[in-house]
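In the UniProt record's numbering, the protein residues as written are 8 to 491.
Single-structure report; data block below.
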Ligand code: ADP
């Protein structure tokens with residue numbers, strides 16, 4: 008990997024703590040390439056005491072960082088953004104090596120991740136308060152926004168760069184210090200951001216990367232350490248619940264971006280080519296491993312067969328392979344367990360009357376590679392209707408009635424993203440209003456952007472990331488009542 012990089016110094020394997028590069032008291036843990044299984048790097052494995060040390064340094068650094076003007080903080084964030092974009096190719100290669108997604112997609116993630124840094128660099132100047140007319144003649148009421156303090160993050164492996172920048176950029180813009188604990192499967196992208204943070208002039212201790220193999224122990228330190236005032240997590244609903252319980256003891260402010268079970272609905276009046284294009288983007292991007300991936304595709308009976316045929320042609324044009332190979336659109340899944348989950352959903356569908364339209368067998372490439380698959384005749388009593396598949400399996404459900412499909416779409420504990428394709432204006436309004444989701448894509452399969460508030464309702468999470476709302480998660484409101 009190192010020989011592929013223009014700047015091999017971005018491939019750092021130590022943790023970044025207090026502006027220094029730290030070896031792990033627990034030695035190292037291996038990071039391997041999911042496409043080939045080879046070990047890419049041995050990364051510092053920090054002890055719980057070392058994580059506590061990072062938090063202590065963050066606490067000190069934050070006090071000064073909060074005094075910088077928004078413009079000053081914005082200027083170094085802007086530099087961080089520029090460095091990410093200048094090193095997009097290398098950061099993309101590091102990402103593909105540890106995560107498996109195709110190189111073009113990995114570079115796309117770097118641009119997407121960096122866009123949050125750019126956005127919040129600008130937003131740092133706009134942390135506005137408020138004045139409220141007094142309730143008595145001698146009273147003056149001022150509302151100010153202040154950084155919450157030290158923020159800690161736990162993030163997943165599916166977007167090793169962007170899941171961190173979405174949190175770190177608003178935190179830093181707000182004047183918080185940030186301790187990032189990346190997923191143990193994909194720490195290299197996070198460490199590389201530490202390298203660039205140092206070069207950008209972000210002060211020591213303000214952005215730190217703690218690499219640990221023991222997520223549960225790190226999560227406990229984040230929740231039990233009184234210097235941590237904010238926990239921001241992206242991952243499964245199951246782990247989100249654990250962290251919320253742990254965070255309850257010190258009533259810690261939490262943001263949670265948890266699981267999804269996105270419905271993707273195609274109505275009779277939809278532009279079918281556009282619907283197929285949208286479904287391909289939001290089902291098969293990152294080999295189906297995103298929390299906003301279409302998990303259930305509902306197609307109205309009048310266009311069911313036509314949609315299925317068009318989707319089949321598009322799926323059969325995908326090329327599975329090593330993300331570094333030219334023309335590959337679909338990389339491997341992240342692990343054995345991920346492959347087993349998809350197989351399990353597939354077997355449940357075929358055992359209960361669903362049929363494979365294309366794919367449906369393990370890929371010839373072996374390992375964690377899977378054939379992109381479409382199944383038809385899927386119904387609401389199957390596992391895929393209620394659990395997130397997180398893989399390249401597109402299940403087609405058939406429906407007739409608008410109210411029925413809305414009820415089926417909402418029949419889940421999750422409420423992150425939903426998508427639908429239709430042209431009739433009153434139907435568009437009705438469906439977008441009645442879907443119980445934090446994000447609704449209408450005639451589009453791509454809804455992620457730094458300028459809009461991303462987040463879920465129900466058991467998909469708490470809080471929003473991106474947009475001017477995203478910075479609020481890292482601010483406290485203080486109201487000053489003055490008698491004059
Ligand atoms: P996924 O299925 O996407 O891996 P997880 O919720 O299991 O989702 O993992 C998301 C992140 O949470 C990863 O970085 C993982 O290491 C971490 N994690 C897993 N279990 C715990 C835990 N008990 N406490 C804190 N973090 C955890």
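Virtual Cβ for every residue (Gly too), placed ideally from N, Cα, C.
Does the distance from the C-beta atom of residue i to that of residue j stay below 9 Å?
i           : j           : result
residue 274 : residue 431 : yes
residue 459 : residue 270 : no
residue 490 : residue 86  : no
residue 423 : residue 295 : no
residue 256 : residue 228 : no
residue 199 : residue 84  : no
residue 56  : residue 25  : no
residue 129 : residue 194 : no
residue 51  : residue 38  : no
residue 114 : residue 81  : no
residue 192 : residue 9   : no
residue 360 : residue 328 : no
residue 282 : residue 428 : yes
residue 426 : residue 272 : yes
residue 178 : residue 237 : yes
residue 91  : residue 121 : yes
residue 285 : residue 452 : yes
residue 58  : residue 297 : no
The alpha helix (DSSP H) spanning residue i covers which residue range?
i           : result
residue 5   : Only positions 8 to 491 of the chain appear in the structure, and residue 5 is not among them; the question remains open.
residue 291 : 279-291
residue 114 : 110-130
residue 72  : 55-72
residue 247 : 244-255
residue 173 : 169-181
residue 135 : Per DSSP, residue 135 belongs to no alpha helix (DSSP H) and is neither H nor E.
residue 350 : 343-358
residue 225 : 222-231
residue 438 : 432-441
Any heavy atom of the ligand ADP inside 8 Å of the beta-carbon of residue i?
i           : result
residue 130 : no
residue 75  : no
residue 191 : yes
residue 267 : no
residue 250 : yes
residue 222 : yes
residue 451 : no
residue 243 : yes
residue 35  : no
residue 165 : yes
residue 246 : yes
residue 420 : no
residue 55  : no
residue 218 : no
residue 297 : no
residue 493 : Because the chain in this structure spans residues 8 to 491, residue 493 falls outside the shown range and cannot be described.
residue 162 : yes
residue 380 : no
residue 44  : no
Which value, in whole angstroms, describes the spacing of the CA atoms of residue i and residue j?
i           : j           : result
residue 134 : residue 259 : 22 Å
residue 480 : residue 213 : 17 Å
residue 349 : residue 18  : 32 Å
residue 7   : residue 21  : Nothing in the structure corresponds to residue 7, since the chain is present only between 8 and 491.
residue 318 : residue 165 : 24 Å
residue 354 : residue 387 : 15 Å
residue 101 : residue 345 : 21 Å
residue 161 : residue 42  : 24 Å
residue 375 : residue 153 : 46 Å
residue 454 : residue 141 : 42 Å
residue 244 : residue 190 : 16 Å
residue 46  : residue 437 : 51 Å
residue 435 : residue 470 : 26 Å
residue 207 : residue 110 : 25 Å
residue 29  : residue 201 : 12 Å
Over the uninterrupted beta strand (DSSP E) stretch that includes residue i, give me the two end residues.
i           : result
residue 241 : 235-241
residue 383 : 380-385
residue 80  : First-last for residue 80: 77-93, but that is the alpha helix (DSSP H), not the beta strand (DSSP E).
If residue i and residue j are in contact, beta carbons under 8 Å, what's the gap, nearest whole angstrom?
i           : j           : result
residue 390 : residue 352 : 5 Å
residue 173 : residue 123 : 5 Å
residue 473 : residue 445 : Going by Cβ atoms, the distance from residue 473 to residue 445 rounds to 12 Å, so no, they are not a contact pair.
residue 412 : residue 486 : Going by Cβ atoms, the distance from residue 412 to residue 486 rounds to 46 Å, so no, they are not a contact pair.
residue 310 : residue 277 : 7 Å
residue 63  : residue 215 : So it is not a contact: roughly 11 Å between Cβ atoms.
residue 72  : residue 184 : 6 Å
residue 254 : residue 279 : Going by Cβ atoms, the distance from residue 254 to residue 279 rounds to 46 Å, so no, they are not a contact pair.
residue 293 : residue 112 : 7 Å
residue 369 : residue 242 : Their Cβ separation, rounded to whole angstroms, is 27 Å, which puts residue 369 and residue 242 out of contact at 8 Å.
residue 103 : residue 330 : 4 Å
Quick check: is the beta carbon of residue i nearer than 9 Å to any beta carbon in chain D?
i           : result
residue 460 : The structure shown contains no chain D; it holds only a single protein chain.
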